[in-house]
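Notes follow once the structure below has been shown.
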Amino acid sequence: MFRKRLQYALYLLAIAVTAQGTISWWALDVATTQVMRGRVASDLQINFEKLSETKQRLKTWASQAVTGLANDPQTKDRYLDDMGLLLARLKELDAKWKRVSNESPSDIPADMLARSEALTLLESSLSTLRTEMSNLLPAVPGQDVQVSWRRLANAFDLSEGRDLRTVLSQSIAREELAVVRERTAADDSLALVRGLALGATLTLGLAACLFALYFSNALRRPLDELQAGTEALQKGDLSYQIPVLRRDEFGKIAMTLNELATELARHEKREGEVRQQLQDQVLARTNELQNALHKLQLMDARRRQLFADISHELRTPTTAIRGEAEVTLRGKDKPVEEYKATLVRITEISQHLGSVIKDLLDLARNDIEALSIQHEAVDVQEVLREAVAQVQAPASQRQITVQTELLAEQPKVSGDPQRLRQLFTLVLDNAVQYSNVGGRVVVSTRKHTNSEGYGVWQLEVQDEGVGIEPHELPRVFERKFRGERAKAQREDGSGLGLNIAQTLARAHDGTILLKSQVGQGTQVTIDLPTMEAA
53 MFRKRLQYAL YLLAIAVTAQ GTISWWALDV ATTQVMRGRV ASDLQINFEK
103 LSETKQRLKT WASQAVTGLA NDPQTKDRYL DDMGLLLARL KELDAKWKRV
153 SNESPSDIPA DMLARSEALT LLESSLSTLR TEMSNLLPAV PGQDVQVSWR
203 RLANAFDLSE GRDLRTVLSQ SIAREELAVV RERTAADDSL ALVRGLALGA
253 TLTLGLAACL FALYFSNALR RPLDELQAGT EALQKGDLSY QIPVLRRDEF
303 GKIAMTLNEL ATELARHEKR EGEVRQQLQD QVLARTNELQ NALHKLQLMD
353 ARRRQLFADI SHELRTPTTA IRGEAEVTLR GKDKPVEEYK ATLVRITEIS
403 QHLGSVIKDL LDLARNDIEA LSIQHEAVDV QEVLREAVAQ VQAPASQRQI
453 TVQTELLAEQ PKVSGDPQRL RQLFTLVLDN AVQYSNVGGR VVVSTRKHTN
503 SEGYGVWQLE VQDEGVGIEP HELPRVFERK FRGERAKAQR EDGSGLGLNI
553 AQTLARAHDG TILLKSQVGQ GTQVTIDLPT MEAA
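Quick note: to get my numbering, add 52 to the position in the sequence shown (first position is 1).
What follows is the structure, given as structure tokens:
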């Protein structure tokens with residue numbers, strides 16, 4: 053199979069690369085060791101030369117001190133310290149040489165033994181030299197200088213019966229030979245590394261070229277066939293079949309692609325059928341969305357017009373208030389009664405303005421799509437009493453009597469107390485505002501059972517006002533609608549009260565009905581289900 057052949061080829065390349073890396077690492081390690089040995093040998097040579105030079109300077113100073121030409125002990129101490137430091141450095145380098153050479157204790161070369169013996173001898177000589185130099189005194193008249201100098205010269209040149217000058221010169225010569233030897237070995241190691249690297253590179257390159265040539269020839273035909281098949285699939289020619297002439301992985305891929313093309317052709321046919329069904333559904337849904345959009349546009353246009361009308365109505369009372377104030381303040385001082393009359397008119401206009409603002413806020417808060425009701429058990433009679441108390445003040449201003457005929461029991465309704473109070477206040481305020489001066493508003497409640505057998509609490513509000521024309525009754529709950537008699541009674545109304553009241557009643561699963569006779573008054577009936585119906 054083609055996969056196995058490719059695996060074997062990759063394994064061989066991996067083995068060859070590993071072998072190349074191992075050989076290169078070994079050769080590089082050998083070269084690094086040789087370079088390190090050469091550096092240590094060079095440092096040993098340099099330090100032996102410095103030691104010899106420093107010893108010679110100390111000897112010169114000592115000869116001058118014996119003859120009385122030099123008497124500076126600091127120079128002597130400096131030379132002795134330098135020699136001690138150089139010997140310590142030479143011992144460190146000797147130990148480093150042993151580590152780098154990695155020689156076994158039983159197979160130590162002669163030059164390493166000679167170096168160690170020389171360092172031991174020089175260290176002993178330095179100790180003796182320090183003692184002699186510490187006893188050195190300047191020459192005095194009558195003293196035999198030759199005797200003092202011979203004893204001091206022996207400390208410089210002899211140690212344990214050996215000539216130190218010969219030891220130093222032999223050490224320097226030995227290190228020179230070691231430097232030459234190690235540098236030659238390092239050059240040979242580097243040449244070996246280069247040769248191995250070049251040979252391994254050429255071998256791997258040749259193997260890679262052979263493998264590339266073999267596999268490129270083996271892959272060209274099956275890849276061309278597969279490419280032709282994929283291009284046909286990309287163009288949508290699902291009837292194209294790749295010829296299956298091999299029994300390896302490429303043959304299996306060709307068979308898989310042929311089966312895929314066949315399956316895609318079946319799916320394409322089914323997809324066409326489903327696409328047609330979806331297009332029909334999308335068309336129907338699009339028509340529905342267009343109708344809904346048209347309705348939303350109409351609603352938005354009506355809302356914009358509504359707020360434009362409300363802003364106009366807000367402008368009218370504010371202009372009237374400012375006009376009353378400007379007229380009164382114009383000219384000379386006026387009688388107190390005239391100021392009072394103006395303030396009364398401003399108060400009335402302000403009350404109308406407050407009513408319009410209240411209706412506007414109710415409109416913003418009580419849109420039928422977003423009305424929020426917090427349901428709880430509510431004593432609806434108590435809420436009604438609060439609403440009646442709230443309209444007593446405007447009723448007294450118009451000399452209207454609000455008469456209540458409420459049930460003795462306390463029925464419970466599931467609803468929002470604040471919203472119910474708002475509903476009752478809207479109805480009662482309309483009854484007061486559209487009643488004739490000195491009239492009467494009768495508020496009565498009762499309970500009954502509807503056709504489905506559920507308990508219903510009913511509120512009736514009867515006024516003695518201007519009434520509504522029969523042809524206007526079907527439109528009284530429309531937003532912004534006001535009848536002709538209502539406009540004549542109150543020019544500053546907004547036409548929103550009954551619409552909001554209907555919204556609130558429906559939010560409590562209730563109903564609101566309105567009956568009216570021109571010139572005799574209007575009756576509003578509100579039915580709310582009691583808790584028994586919940």
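Idealized CB from N, CA, C, for every residue including glycine.
Given the structure is predicted, the values throughout are model-derived calculations rather than measurements.
### First through last residue of the beta strand (DSSP E) which encompasses alanine 429
428-431
### Message
Spatial neighbours of leucine 256 within its chain, please: C-beta separation below 8 Å, excluding the five flanking residues on both sides.
### Response
Leu65, Ala68, Val69 and Gln72
### Task
Measure the alpha-carbon distance for leucine 472 versus serine 568 and round it to whole angstroms.
Distance between the alpha carbons of leucine 472 and serine 568 is about 23 Å.
### Message
Please report the straight-line C-alpha distance between leucine 436 and threonine 577, rounded to a whole angstrom.
### Response
14 Å
### Query
How is threonine 106 classed by DSSP in three states: helix, strand or coil?
helix
### CB-CB length for leucine 478 against isoleucine 552, believed under 8 Å
6 Å
### Task
Indicate the three-state DSSP secondary structure (helix, strand or coil) for leucine 511 in the structure shown.
strand
### Query
Which partner residues of valine 576 appear in the DSSP bridge assignment?
Its beta-bridge partners are Val513 and Leu566.
#### Entry: Paired residues, beta bridge with arginine 91 - DSSP
In DSSP, arginine 91 forms no bridge with anything.
#### Entry: proline 464 - partner residues in DSSP beta bridges
Checking the displayed sequence, the identity of residue 464 turns out to be lysine instead of proline. DSSP output for lysine 464 lists Asp431 as bridge partner(s).
### Task
Give the range of the alpha helix (DSSP H) segment to which serine 176 is assigned.
162-186
### Query
When you compare each of Ser241, Ala61, Gln331 and Ile398 to arginine 89 by their alpha carbons, which one comes out closest?
In terms of Cα proximity to arginine 89, the closest of Ser241, Ala61, Gln331 and Ile398 is Ser241.
#### Entry: Where threonine 119 sits in the DSSP three-state scheme
coil
### Query
Can you tell me whether DSSP reads lysine 287 as helix, strand or coil?
helix
### Query
Using the C-alpha atoms, what's the distance from glycine 247 back to methionine 307?
51 Å
### Query
Do three or more CB pairs link the segment 164-181 to the segment 231-238 at distances below 8 Å?
no
### Message
Would serine 487 and glutamate 516 be called neighbours here (beta carbons separated by less than 9 Å)?
### Response
yes
### Task
Report back the beta-carbon spacing between glutamine 333 and asparagine 310 to the nearest angstrom; my notes put them in contact at under 8 Å.
About 35 Å; that fails the 8 Å criterion.
#### Entry: Three-state secondary structure assigned by DSSP to histidine 560
Correct three-state label for histidine 560: coil.
### Message
My output table needs one value for glutamine 126: the three-state DSSP class, helix, strand or coil.
### Response
Annotated three-state conformation of glutamine 126 is helix, per DSSP.
### Query
If you compare alpha carbons, which of Gly136, Gly571 and Thr112 is closest to valine 518?
Gly571
### Query
Going by DSSP, which residues form a beta bridge with glutamine 493?
For the record, residue 493 in the displayed sequence is valine; it is not glutamine. Per DSSP, Val454.
### Message
If you measure between the beta carbons of tryptophan 509 and aspartate 579, is that distance less than 9 Å?
### Response
yes
### Query
What whole-angstrom Cβ distance do valine 430 and threonine 456 have, given they're in contact under 8 Å?
Rounded, the Cβ-Cβ distance is 18 Å, inconsistent with contact.
### Query
Closest to histidine 427 by CA distance: which of Met583, Arg151 and Leu244 is it?
Met583
### Message
Bridge partners for proline 581 per DSSP, in chain order?
### Response
Beta-bridge annotation (DSSP): proline 581 is paired with Val508.
### Query
Is the number of C-beta pairs between the segment 89-107 and the segment 133-153 that are closer than 8 Å three or more?
As far as the Cβ criterion goes, the segment 89-107 touches the segment 133-153, which means the pair count is three or higher.
### Query
What did DSSP end up calling serine 487 once you bin it into helix, strand or coil?
Strand at serine 487.
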